[in-house]
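The structure appears below as structure tokens.
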Amino acid sequence: MAKKISVHSKKREELINITSEVKTFINEAGISNGTIAVFIPHTTAAVTINENADPDVKHDLILALNRISPDLPAFKHTEGNSDAHTKSSLIGCSLNVIVNNGDLILGTWQSIYFCEFDGPRHRTVIFQAN
Amino acid sequence: MAKKISVHSKKREELINITSEVKTFINEAGISNGTIAVFIPHTTAAVTINENADPDVKHDLILALNRISPDLPAFKHTEGNSDAHTKSSLIGCSLNVIVNNGDLILGTWQSIYFCEFDGPRHRTVIFQAN
Amino acid sequence: MAKKISVHSKKREELINITSEVKTFINEAGISNGTIAVFIPHTTAAVTINENADPDVKHDLILALNRISPDLPAFKHTEGNSDAHTKSSLIGCSLNVIVNNGDLILGTWQSIYFCEFDGPRHRTVIFQAN
Chain A
1 MAKKISVHSK
11 KREELINITS
21 EVKTFINEAG
31 ISNGTIAVFI
41 PHTTAAVTIN
51 ENADPDVKHD
61 LILALNRISP
71 DLPAFKHTEG
81 NSDAHTKSSL
91 IGCSLNVIVN
101 NGDLILGTWQ
111 SIYFCEFDGP
121 RHRTVIFQAN
Chain B
1001 MAKKISVHSK
1011 KREELINITS
1021 EVKTFINEAG
1031 ISNGTIAVFI
1041 PHTTAAVTIN
1051 ENADPDVKHD
1061 LILALNRISP
1071 DLPAFKHTEG
1081 NSDAHTKSSL
1091 IGCSLNVIVN
1101 NGDLILGTWQ
1111 SIYFCEFDGP
1121 RHRTVIFQAN
Chain C
2001 MAKKISVHSK
2011 KREELINITS
2021 EVKTFINEAG
2031 ISNGTIAVFI
2041 PHTTAAVTIN
2051 ENADPDVKHD
2061 LILALNRISP
2071 DLPAFKHTEG
2081 NSDAHTKSSL
2091 IGCSLNVIVN
2101 NGDLILGTWQ
2111 SIYFCEFDGP
2121 RHRTVIFQAN
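Protein chains in written order, with the numbering used here: chain A, 1 to 130; chain B, 1001 to 1130; chain C, 2001 to 2130.
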């Protein structure tokens, strides 16, 4: 069965580490070998994997994404968040991670991040074994 | 077994809602709990999830992607569609969605879109239970 | 069980075709129908599917990504590779591919590429049946 968790963002753009929540799901679901889907049921948020060592990488990633997908004068959507919808599709709302012998398999410097692009908001993340 | 469906695009860039086709696959395959892979077997198309309420979001997403990945004078590929190949890799040709108690789990504002970046063309989308 | 393979990149940015390695994994694991997760345990690399026919597409994709995610003066991360971290999140480190009757299902022009954004380096790719 799928599991939902809550994430509360505090800024318009924010990367929130959810790696421990994924590990908790793997333990609760008793998964030994396979893969896990991490899914974000929002259209102005996303999920990515990136560096967990130097917090400046999170700063730089948000900076780069704001330059890649700025607010554009030609946008028609009146909510003023089309830049966030674009970032959501660029980064993606769905991710697959691998479990081996009960352990989440990530590289040394990798963590899983919920990506807020139109916060602050109360958000949901869904996990499901594939 | 995998299922193939046909999608016919009418413009060079177009987002086509395929959510109902994913739901039909879930019903036909009798999937109760798990995940579904949605795969696009083309290199100038992609699949994404984004807002289904205001059609202006589709307009803005295509506008933003054309600004992010324009045709560049330095491109070598002689077919003139390297911008579309780039968009395909940025958005991605593979997506995982969650099924719970036989229902496709999407957020309130989410739909699944086939993304045409070099149409109009006859295209294929493939579904497979993970 | 998950399988790890090694990939050795020779340039800072490079797309390396790993399709035959995915096919070998499918044969070794004896997978008939289902999906395979391809996972990159690095934060300055990624995995994508794109054209295998004209090598100019690889050239153009790297050219476009360097324009989309250049080195920025405002980056704080002192390793000088925040452009590569950004490319990793844009393209993604996780991919799902479909297997049908023991065959990897790809479009005519599609191959699976390991994407190096901060090489040359010795890298790892991980495969797991979903």
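Every residue gets a Cβ at the ideal spot worked out from N, C-alpha and C, and that includes glycine.
Kindly indicate which residue of the options has the alpha-carbon position closest to the one of residue i.
{"i": "VAL2047 (chain C)", "options": "B:TYR1113, B:LEU1106, B:ASN1130, B:SER1088", "result": "B:SER1088"}
{"i": "ALA45 (chain A)", "options": "A:LYS10, A:ASP83, A:ASN130, A:CYS115", "result": "A:CYS115"}
{"i": "GLY1080 (chain B)", "options": "B:ILE1112, B:ALA1002, B:ARG1012", "result": "B:ARG1012"}
{"i": "THR1043 (chain B)", "options": "B:SER1069, B:LYS1023, B:THR1086, B:PRO1120", "result": "B:THR1086"}
{"i": "SER2111 (chain C)", "options": "C:ILE2036, C:ASP2118, C:ASN2050, C:ALA2037", "result": "C:ASN2050"}
{"i": "ASN1052 (chain B)", "options": "A:LEU61, A:VAL99, A:PRO41, A:LYS10", "result": "A:PRO41"}
{"i": "ILE2010 (chain C)", "options": "C:GLN2128, C:PHE2117, C:ALA2129", "result": "According to the sequence as given, residue 2010 (chain C) is Lys; it is not Ile. Per the Cα distances, C:PHE2117."}
{"i": "ASN1033 (chain B)", "options": "B:PRO1070, B:ILE1098, B:PHE1025", "result": "B:ILE1098"}
{"i": "ASP1083 (chain B)", "options": "B:TRP1109, B:GLY1119, B:LYS1023", "result": "B:GLY1119"}
{"i": "LEU2061 (chain C)", "options": "C:THR2035, C:PHE2039, C:LEU2015, C:GLU2028", "result": "C:LEU2015"}
{"i": "MET1 (chain A)", "options": "A:ASN100, A:ALA29, A:LYS23", "result": "A:ALA29"}
{"i": "TYR1113 (chain B)", "options": "B:ALA1129, B:GLN1128, B:LEU1095, B:ASN1130", "result": "B:LEU1095"}
{"i": "ASN27 (chain A)", "options": "A:PHE39, A:THR108, A:ASN100", "result": "A:ASN100"}
Quick one: list the residues of chain C neighbouring residue i, beta-carbon separation under 7 Å, in chain order.
{"i": "CYS1093 (chain B)", "result": "ILE2049"}
{"i": "THR35 (chain A)", "result": "ALA2037, GLN2128, ASN2130"}
Residue i by DSSP, collapsed to three states: which one?
{"i": "PHE2075 (chain C)", "result": "coil"}
{"i": "ASN1052 (chain B)", "result": "coil"}
{"i": "LYS2004 (chain C)", "result": "strand"}
{"i": "ASN2027 (chain C)", "result": "helix"}
{"i": "ASN1101 (chain B)", "result": "coil"}
{"i": "GLU1013 (chain B)", "result": "coil"}
{"i": "ARG1123 (chain B)", "result": "strand"}
{"i": "ASN2033 (chain C)", "result": "coil"}
{"i": "SER2069 (chain C)", "result": "coil"}
{"i": "ILE2112 (chain C)", "result": "strand"}
{"i": "LEU1090 (chain B)", "result": "helix"}
{"i": "LEU2106 (chain C)", "result": "coil"}
Any beta-carbon of chain A closer than 8 Å to the one on residue i?
{"i": "ILE1018 (chain B)", "result": "no"}
{"i": "ASP1118 (chain B)", "result": "no"}
{"i": "ASN1096 (chain B)", "result": "yes"}
{"i": "ILE2068 (chain C)", "result": "yes"}
{"i": "HIS2122 (chain C)", "result": "no"}
{"i": "HIS1077 (chain B)", "result": "no"}
{"i": "HIS1059 (chain B)", "result": "yes"}
{"i": "SER2082 (chain C)", "result": "yes"}
Check the Cβ of residue i against every Cβ in chain A and list those closer than 7 Å, keeping chain order.
{"i": "LEU2106 (chain C)", "result": "The contacting residues do not exist; LEU2106 (chain C) stays about 18 Å from chain A at best."}
Using a beta-carbon distance below 8 Å, is residue i in contact with chain C?
{"i": "SER1088 (chain B)", "result": "yes"}
{"i": "PRO1041 (chain B)", "result": "yes"}
{"i": "ALA1064 (chain B)", "result": "no"}
{"i": "SER954 (chain B)", "result": "Examination of residue 954 (chain B) is not possible in this model, given that chain B is present from 1001 through 1130 alone."}
Quick one: which chain A residues come within Cβ less than 8 Å of residue i?
{"i": "LEU1072 (chain B)", "result": "Within chain A, no residue comes near LEU1072 (chain B); the closest Cβ sits about 15 Å away, beyond 8 Å."}
Along chain E, in chain order, which residues have C-beta atoms closer than 7 Å to that of residue i?
{"i": "ALA2 (chain A)", "result": "Of the protein chains in this structure, namely A, B and C, none is chain E."}
For residue i, which residues in chain C fall below 8 Å Cβ to Cβ?
{"i": "SER1006 (chain B)", "result": "Per Cβ cutoff of 8 Å: no residues; SER1006 (chain B) is ~14 Å from chain C at best."}
Can you name the residues of chain B whose CB is closer than 7 Å to the CB of residue i?
{"i": "ASP2056 (chain C)", "result": "LYS1076, HIS1077"}
contact_flag[the region 2108 to 2125 of chain C, the region 2002 to 2009 of chain C] where n(CB pairs < 8 Å) is 3 or more: yes
Any chance the region 2047 to 2067 of chain C sits against the region 2080 to 2095 of chain C, with 3 or more Cβ pairs inside 8 Å? Taking 8 Å as the limit for Cβ pairs, the verdict is that the region 2080 to 2095 of chain C does touch the region 2047 to 2067 of chain C.
Counting pairs of Cβ atoms below 8 Å between the region 2050 to 2060 of chain C and the region 1071 to 1081 of chain B, do you hit three or more? yes
If we count Cβ pairs, one from each stretch, closer than 8 Å, do we get three or more for the region 13 to 30 of chain A versus the region 97 to 106 of chain A? yes
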